[in-house]
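Engineer: Each residue of the sequence shown is one higher than the one before, counting from 230 in the numbering used here.
Note that CB positions come from ideal geometry on N, CA and C, so glycine has one too.
Just so we're clear, the structure is a prediction, and the values are computed from it rather than from any experiment.
Would you mind keeping the following structure in view while I ask a few things?
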Amino acid sequence: MQQIKLITTTKTKHVESVHVDTVFTVINNCYNSLQVVEADCTSASYFINSANIFAQLQMLYASYADRVEYISLKKVMQVFANNITYIDEIDLYESVVENTALQTVKLQDYTYLSN
230 MQQIKLITTT
240 KTKHVESVHV
250 DTVFTVINNC
260 YNSLQVVEAD
270 CTSASYFINS
280 ANIFAQLQML
290 YASYADRVEY
300 ISLKKVMQVF
310 ANNITYIDEI
320 DLYESVVENT
330 ALQTVKLQDY
340 TYLSN
């Protein structure tokens, strides 16, 4: 009788996720909310953050959408957390998730926003 044996086990991991169609809708909302850069540093920063969110969500969507139906909510929210720093910029998040499943998700649960 064999005393030591290699056994393969699997561990189920539950990950809060969002459907790829929701992410696609948020990407469209980001695209529609991109605004022209003004000669003001605050609006320029707002535009850059908005464009970065759009681009990073596009990359996230492209890397998952052809293989899976759901994307980790944490990965989606990390895109916003990486680009929104101040409470005044929360509209960058709220305006693009409006009328989607993400509208009930609070950005502050994923990052700290400064005053």
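State the Cα-Cα distance for the pair V334 and E267, rounded to the nearest angstrom.
Structural biologist: Translated into positions along the sequence shown, residue 334 becomes position 105. Translated into positions along the sequence shown, residue 267 becomes position 38. Rounded to whole angstroms, V334 to E267 spans 31 Å at the Cα level.
Engineer: A291: which of Q307, F253, L321 sits nearest, CA to CA?
Structural biologist: Position 62 of the sequence shown holds residue 291. Ranking the options by Cα distance to A291, first place goes to F253.
Engineer: Check the DSSP bridge columns for K315 and list the partner residues they point to.
Structural biologist: Taking the first residue of the sequence shown as position 1, residue 315 is located at position 86. The sequence shown places Tyr at residue 315, not Lys. Looking at the DSSP assignment, Y315 forms a beta bridge with S343.
Engineer: To the nearest whole angstrom, what separates the beta carbons of K304 and L289, a pair I think is in contact under 8 Å?
Structural biologist: Here residue 304 is taken as the residue at index 75 of the sequence shown, counted from 1. Here residue 289 is taken as the residue at index 60 of the sequence shown, counted from 1. Sure, about 6 Å apart at Cβ, within 8 Å.
Engineer: Per DSSP, what kind of secondary structure is V334 in: helix, strand or coil?
Structural biologist: As a first step, residue 334 is located in the sequence shown; it is residue number 105 there, counting from the start. V334: coil per DSSP, three-state reduction.
Engineer: Could you give the DSSP three-state label for V305: helix, strand or coil?
Structural biologist: In the sequence shown, counting from the first residue as 1, residue 305 sits at position 76. It is helical.
Engineer: Give me whichever residues DSSP pairs with H248 in a beta bridge.
Structural biologist: One-based indexing of the sequence shown puts residue 248 at position 19. The partner list for H248 (beta bridge, DSSP) reads Y299.
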